[in-house]
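Enquirer: So the sequence lines, in the order shown, correspond to chains A and B. Those letters in the first sequence? Residues 1 to 156, per full-length UniProt numbering, in order. Those letters in the second sequence? Residues 1 to 753, per full-length UniProt numbering, in order.
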Amino acid sequence: MDVLLKVNGTEHRLAVDVRTTLLDALRERLELTGTKKGCDLGQCGACTVLMDGRRVLSCFILAVAAQEAEIATIEGLAGENAPLHPMQQAFLDQDAYQCGYCTPGQILSAIACVQEGHANSADQIREYMSGNLCRCAAYPKIVAAVQQAKPLMEGS
Amino acid sequence: MPDGTHTTIGQPAIRIDGRAKVTGMARYASDEVVANPAHAFLVTSAIARGRVRGFRLEAARAVPGVLDILTHENVGGEAEKPQPMSGGDTTTTLESDRIWHDGQIIALVLAESFEAAREAAHKVEVDYEAETPAASFGSPGAEEEVREAGEHKDYKLGDAAAAFAAAEVKVDARYGTPTQHHNPIELYTTTCEWRGGKLTVYESSQFVYGLRASLAKQLRMDPGDIHVVSRFVGGAFGSRGGITARTAWVAVAARRLNRPVRLVPTRDQGFTIVTYRAETRHHIQLGATRDGRLTALRHEGWEVTSRPSQYNVSGTETTARIYACPNILTKVNIVHADRNTPGFMRAPPETPYMFALETAMDELAVSLGMDPVELRRVNEPERDPATGKPFSSRSLMPCFDQGAERFGWKRRNPSPGAMREGEWLVGWGCAAAAYPANIGPAACRVTLTAEGRARVQIAAHDIGTGAYTAIAITAADRLGLELGQVLVELGGTELPAAGLAAGSSHTAGICNAVAKACEGVRQRLAQAAVTSNEGKLAGLDPASLTLSAGALRGPGGAAEALPKALARAAPGALEVYAENIPQGLPPESIGKVYQGQMAMSRGHSREDATTYTFGAQFVEVRVHELTREIRVPRAVGAFAAGTIVNPLTAYSQYMGGMIWGIGAALHEATEIDPHAARYVNDNIAEYLIPVNADVRSIEVIMVPEQDSQVNPLGIKGIGEIGIVGMNAAISNAVWHATGRRIRELPIRIEDLL
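Here it is as C-alpha cells:
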C-alpha cells in the first residue's frame, strides 16, 4: 500500500505492507535507524517518536495510520555539526546513558515530558519517564538531564 | 596513579562517542544497512524435551514473499553447534531433530519482508515426539553431579566440619537465587552478507574475535574470510559474550539465498536463544568465637545447567577469600535439566554466591549482637585466606568506613523494626562486595599523523562502559594530546585483537595495551630526537624524554613540538603496533586471543598475589506496614578499584550495577512452569526490571587506591562489582525493617505478609 510519511519535515512516499509498523518503516525503509526496536510490544519505550508533538510508541502505530502526522525522530533534533537540542546536550553532559540504545527514545520522551508540564519535580520526572526502560540503569542521571534541559527549553 | 605522570587519566571526560549516541547516528549492529536484505524469523520449539518428527510447511510456503525455510532436514549438515566460552558442550539446534529445551531454534523462515516471514513462521506446523522434561532443582529426571575441579577450584583448609561443630556461635542456613535474564534493550539481531567466499557478520558482541573463530569452525571456514562488525553494542551484560546458535544459521541462510539476511528475533525468543543466569542454591555454615572471629566457613553451591553443558560459575572462588578463617571448605554441584545452556550475567559468580555469604554474615552479626561493619573488621585477613598469598591491595575496610560515614550508619538502631517513619518500617543493611581484578592480553596499533593527531585501532568493545573514551583518554595521556585529537576505532575483526569484554577485565586489558603502543611511539620519537645532529633534545638520554602538551620534552625545559619530533622519526605518519601480555600469562596468550579463545589472568589465580576489587554497600529499605510494599529510597556504594580512568563514566557504571542489584534483589526472576519447563514471563513487562520510578538516591564513592602490582596502569575494573553486595545489603535491610530473614530472591510483598 502506498503511504506518505512526513518525517522531520520531509515527505516520503513509499509502498508498505499494511502490517508494517511506523518503527519498521522508519528503520528498514527510510534508514532512520536512530529510532530503536527493543521489544516490538510497547513495553520498553526505545521506539518513542513524537507525532504532532505527542510522544508515541512507533512499534504500536502502523505506518498507514501515521500519514496525517508530523513525525519527529532523533535525527531531526539537530543537524550534522549543528548545536544540539538542550535535551541532547543535557544527556551528553550528565552521562545520562551507557550503551545509548534506549537514548533516542529517552530524549524524545524527555522533551515531551517537559512540554507536557510533567517535569516539575524529580518525583514527577521519575514517574513520567518510567515508560522508557534503560537496562544500563542511568535513571538518576536521566532525571538530572531533564532538570538541566527544562529551563533552557522553557527559555528561562 | 602509580608513577605520577598522568595528565588526563583520572579526569572526568564526556564520552567521545556521546554526540553519536544522542543524535541517533551511533550505528549499532542492528542498525547496519545492507542492500536488499531478506528477513528471517525464527521458529522455536514448543516442547522442552523430545524430537521433531517432522514439519508441515505447505501453509507457511504459501505465504506470499516466502523465500526459503531452513530446518534440520535441509540444512542440518551445513553448520556445527557453537563452542561456548565456558562449560564445554552445549545443546544443538538445526544440527539434528533433538529438542533440548523449550524455545530452541528449530527452523528459520526467510521472506521478502519481516511481516511475511513472521506470518509464515506462525504457520509452520511441527510434529513433536515429546518426553517429560525436568525444569529445575528437584524436578524428576534432573541429574545432579559434583563439579570436578578444573576451570574452577574448591578450597579445603583445616577441618571445617570439626571447627563448625565446636564453634561457640553458629549460622547454618540455605539460600536461593532465581533464573534471571540479561534483557539488554537491543534485541539479539544478526545480519549476514556474503561477497564471494567472504562473510560479513553484523552482530553486537562482547568478543568479536571469539565470534569469528567459533563461526569459522561451525561453518568450516578460514577465520580470515569472516569479518565481524560490532561498533556499538546496545547493552550486553554477558549475553553477547559467547556466540550462540542463531549466527551460523543466518549465515547459512544468506549463502543459500545469495543475498544478505537479517534476523531480528523477538524479545521472548531472546529468553531461550541466548544464555541466562541460572538459578542457584546454597548451604552455608559459619562458626565463630563469641568475639566474632570466624573459625569455620563452609559454602556448598548448586547450579542449574543444560543437559550437555558443565557450565557453572563457582562463586566459592570469591567467598573463600573475603574473611580470615582457618577452616574453609567449599564445594559446587551442577544440576542438569532440560534447559538452554546458561552463561555469564553481570558478576556471574559473585551475584548469587555473595548474596548467600553476606546474608549469612549479617545473621552471624545478629547472633553475636555485633555491628555488621565491626564483624567485617574483626575478620579482615592479612593475606588471602584461601591461598596465603598477599593481596596486591585490599581496601575493604576503607570502603566500609567511608560508606558508613556517608550513609550515617552510626545512627542505626540495631533492633529490627525500631526505625519507623510514619506508616513505613525503615531498615538499614550493608554488605561487602568483592570481584577479582582480571585482565586479558590485547594488541593495539597507534598511528601519529603529521597534523599531530593519533589514531588508535583495537578490537575492543564498548558495551556502554565508555571504552571509546577510556582508550582516547589513555592515548591522549600518554602522547601528550588533547582528547579531541585522538580518533578511536574499535569493534571489528579488521583491527588488532582484544579479548572478551567481560569479567571487569576489559578496561585494564585494553588501556594497558594502548599505553604500551604509545610508549613505543614515545621511544621512536625520543630515539630520533636524541640521535639527531641538531635540535634541543640532541644527545639527551632517550628515557628522560616525555610527551606532554603537544611536545616532546626533555629535563630542564628543552622541548620540541610534536610535528617536528615526528618528522625526524618518520617521513609521514608514525605507526606502532604493540601486544600487551599481562603478568603471569605466557607470550602465546595473545595468539589465543587472535584465535578467539579466552585468555585471562584472573585475580584469584595469579602466582604473585591475589588481586581483587573491594567495596561496601549500604541500603535503606522502606516496607509499608500494611501493604508490605518495598522501596529503596537510597543506597550508598563505596568502591576501591585502583586507577579510575574516567570518573564520569565510572560513576555511571557503578551506579548501574547498584540499580541492577535493586532489580536482582526485589524484581527480577524468570518464572518457570515446572511441568512444561517453559519460561512464563518472557517479556519485559512481566520480567520486571527497574524503571525510573523504582530508583531514587544512588550515591557512589570512589575510594582512592593505588596498586602498582595489579598491572602497569593500576586499573582493576568496575563493571561487575556494583551489583555484588546489593542483594545481601537489601535482604539485610529488609530483616532490619521487619525482623523477617528472607533467604530466597527476589524478595517480594508476599514474603513479608
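All C-beta atoms, glycine included, are put in the ideal place defined by N, C-alpha and C.
Run through the segment 446-479 of chain B for me and flag every whole alpha helix (DSSP H) of 4 or more residues, listed as ranges in chain order.
Expert: 467-479
Enquirer: Under three-state DSSP, which class holds B:Q124?
Expert: Position 124 of the second sequence, counted from the first residue, corresponds to residue 124 of chain B. The question names Gln, but residue 124 of chain B is Val in the sequence shown. Note: B:V124 maps to coil in three-state DSSP.
Enquirer: Can you list the residues of chain A that residue 771 of chain B reaches, using a CB-CB cut of under 7 Å?
Expert: The displayed coordinates of chain B run from 1 to 753. Any statement about residue 771 of chain B would go beyond what the structure contains.
Enquirer: Starting from B:Q285, follow the alpha helix (DSSP H) in both directions and report where the run begins and ends.
Expert: What you label residue 285 of chain B is simply residue 285 of the second sequence in a count that begins at 1. It is not in any alpha helix (DSSP H) - B:Q285 instead sits in the beta strand (DSSP E) that spans T280 to A288.
Enquirer: Going by the CB atoms, is the gap between A:H12 and A:L30 shorter than 9 Å?
Expert: If you number the first sequence from 1, residue 30 of chain A lands on position 30. If you number the first sequence from 1, residue 12 of chain A lands on position 12. Yes, Cβ-Cβ distance for A:L30 and A:H12 is below 9 Å.
Enquirer: Using a Cβ distance threshold of 8 Å, determine whether the segment 459-474 of chain B contacts the segment 11-23 of chain B, with at least three qualifying pairs required.
Expert: Yes, the segment 459-474 of chain B touches the segment 11-23 of chain B.
Enquirer: When the Cα of residue 761 of chain B is compared with those of B:E95, B:E750 and B:G642, which residue comes out closest?
Expert: Only positions 1 to 753 of chain B appear in this structure, which leaves residue 761 of chain B out of reach.
Enquirer: Run down chain B in chain order and give the residues with a C-beta less than 8 Å from the C-beta of A:C59.
Expert: The sequence position of residue 59 of chain A within the first sequence is 59, counting from 1. Under the 8 Å cutoff, chain B gives no residues; its nearest Cβ is about 11 Å from A:C59.
Enquirer: Across the segment 471-484 of chain B and the segment 442-457 of chain B, are there enough close Cβ pairs to call them in contact, namely three or more that are closer than 8 Å?
Expert: At 8 Å Cβ cutoff, the stretches touch.
Enquirer: At the level of alpha carbons, what is the spacing between B:Y128 and B:H72?
Expert: As a first step, residue 128 of chain B is located in the second sequence; it is residue number 128 there, counting from the start. As a first step, residue 72 of chain B is located in the second sequence; it is residue number 72 there, counting from the start. Approximately 14 Å, taken between the alpha carbons.
Enquirer: Which same chain residues, not among the five before or five after B:E125, have their C-beta less than 6 Å away from its C-beta?
Expert: Within the second sequence, numbered from 1, the residue matching residue 125 of chain B stands at position 125. If we look at B:E125 and ignore the five residues flanking it on each side, its Cβ neighbours are R56.
Enquirer: I'd like to know whether the C-beta of B:E350 is nearer than 9 Å to at least one C-beta of chain A.
Expert: The residue given as residue 350 of chain B occupies position 350 in the second sequence. Taking Cβ atoms only, chain A never reaches closer than 9 Å to B:E350, which makes this a no.
Enquirer: Can we say the segment 101-114 of chain B touches the segment 59-75 of chain B, given the rule of at least three CB pairs closer than 8 Å?
Expert: Touching, yes, given that three or more Cβ pairs across the two stretches are closer than 8 Å.
Enquirer: Any contact between the segment 489-502 of chain B and the segment 590-610 of chain B? By contact I mean 3 or more CB pairs, one from each, below 8 Å.
Expert: yes
Enquirer: Residues of the segment 121-142 of chain A with a CB closer than 9 Å to any CB of chain B: list them in chain order, please.
Expert: A122, D123, I125, R126, E127, Y128, M129, S130, G131, N132, L133, C134, R135, C136, A137, A138, Y139, P140, K141 and I142
Enquirer: B:V503 and B:F344: beta carbons closer than 9 Å?
Expert: Working through the second sequence from its first residue, we reach residue 503 of chain B at position 503. Working through the second sequence from its first residue, we reach residue 344 of chain B at position 344. First, the amino acid is wrong: residue 503 of chain B is Gly here, not Val. Contact flag set, yes.
Enquirer: Could you check where the beta strand (DSSP E) with B:C192 kicks off and where it finishes?
Expert: By 1-based counting over the second sequence, the position of residue 192 of chain B is 192. It spans T190 to R195 - the beta strand (DSSP E) in which B:C192 sits, taken as one unbroken run.
Enquirer: I'd like the span of the beta strand (DSSP E) that includes A:D123, first residue to last.
Expert: Taking the first residue of the first sequence as position 1, residue 123 of chain A is located at position 123. Not the beta strand (DSSP E): A:D123 falls in the alpha helix (DSSP H), residues A122 to Y128.
Enquirer: Check whether the Cβ of A:T10 lies closer than 9 Å to any Cβ atom in chain B.
Expert: The residue you call residue 10 of chain A lines up with position 10 of the first sequence. Chain B contact via Cβ: absent.
Enquirer: In whole angstroms, what separates the C-alpha of residue 179 of chain A from that of A:Q147?
Expert: Nothing in the structure corresponds to residue 179 of chain A, since chain A is present only between 1 and 156.
Enquirer: Under 7 Å between beta-carbons, which chain B residues line up against A:A78? List them in chain order, please.
Expert: Residue 78 of chain A sits at position 78 when you count from the first residue of the first sequence. In chain order: T23.
Enquirer: Given B:D97, which residues of its chain have a CB within under 6 Å of its CB, disregarding the five upstream and five downstream residues?
Expert: By one-based count along the second sequence, residue 97 of chain B stands at place 97. Excluding sequence neighbours, B:D97 sits near R51, V52 and H72.
Enquirer: Would you say B:R267 faces chain A, with C-beta separation under 9 Å as the test?
Expert: Start at 1 with the first residue of the second sequence, and residue 267 of chain B comes out as number 267. Taking Cβ atoms only, chain A reaches closer than 9 Å to B:R267, which makes this a yes.
Enquirer: Between the C-alpha atoms of B:M1 and B:F639, what's the straight-line distance to the nearest angstrom?
Expert: Sequence index remark: in the second sequence, residue 1 of chain B carries index 1 (1-based). Sequence index remark: in the second sequence, residue 639 of chain B carries index 639 (1-based). Per-residue confidence for B:M1 stands at a pLDDT of 32, beneath the threshold of 50, marking its modelled position as unreliable; the derived number appears in the next sentence. Their Cα atoms are separated by approximately 16 Å.
Enquirer: Residues of chain A with CB under 8 Å from B:L648, in chain order?
Expert: As a first step, residue 648 of chain B is located in the second sequence; it is residue number 648 there, counting from the start. Result: D95.
Enquirer: Along the chain, where does the beta strand (DSSP E) containing B:L483 start, and where does it finish?
Expert: Position 483 of the second sequence, counted from the start, is the residue given in the question as residue 483 of chain B. B:L483 -> no beta strand (DSSP E), and no H or E assigned at all.
Enquirer: If we ignore side chains and look at the alpha-carbon of each, how far apart do B:A251 and B:E382 end up?
Expert: For the purposes of this step, residue 251 of chain B is taken as the residue at position 251 of the second sequence. For the purposes of this step, residue 382 of chain B is taken as the residue at position 382 of the second sequence. So the alpha carbons of these two residues sit roughly 54 Å apart.
Enquirer: Are any of the Cβ atoms in chain B nearer than 9 Å to that of A:G100?
Expert: If you number the first sequence from 1, residue 100 of chain A lands on position 100. Output row for A:G100: interface = yes.
Enquirer: To test your reading of the DSSP string, which unbroken beta strand (DSSP E) runs of 3 or more residues are found completely within the segment 140-228 of chain B?
Expert: 143-146, 169-177, 190-195 and 198-202
Enquirer: Looking at the C-beta of B:T670, does it have a partner C-beta in chain A at a distance below 9 Å?
Expert: Counting from one through the second sequence, the residue named residue 670 of chain B turns up at place 670. So, not an interface residue.
Enquirer: Any beta carbon from chain A within less than 9 Å of B:Y651's own beta carbon?
Expert: Start at 1 with the first residue of the second sequence, and residue 651 of chain B comes out as number 651. Cβ-Cβ to chain A under 9 Å: yes for B:Y651.
Enquirer: From B:A356, B:R307, B:D268 and B:R346, pick the residue whose C-alpha is nearest to that of B:H283; which is it?
Expert: Translated into the one-based positions of the second sequence, residue 283 of chain B becomes position 283. Minimum Cα distance to B:H283 is reached at B:A356.
Enquirer: Between B:D159, B:Q83, B:S113 and B:T319, which has its C-alpha nearest B:P326's C-alpha?
Expert: To locate residue 326 of chain B, count along the second sequence from 1; it is residue 326. It is B:D159.
Enquirer: Just mark residue 157 of chain A as buried or exposed, buried being the case when its beta carbon has 16 or more other beta carbons within 10 Å.
Expert: No answer is possible for residue 157 of chain A: it lies beyond the span of chain A, which begins at 1 and ends at 156.
Enquirer: Of all Cβ atoms in chain B, is any one closer than 9 Å to the Cβ of A:Q88?
Expert: Locating residue 88 of chain A in the first sequence gives position 88, counting from the first residue. At least one beta carbon of chain B lies nearer than 9 Å to the beta carbon of A:Q88.
Enquirer: Checking 9 Å against the spacing of the C-beta atoms, do B:W194 and B:R118 come in under that value?
Expert: Taking the first residue of the second sequence as 1, we reach residue 194 of chain B at position 194. Taking the first residue of the second sequence as 1, we reach residue 118 of chain B at position 118. Result no, Cβ atoms of B:W194 and B:R118 do not sit closer than 9 Å.
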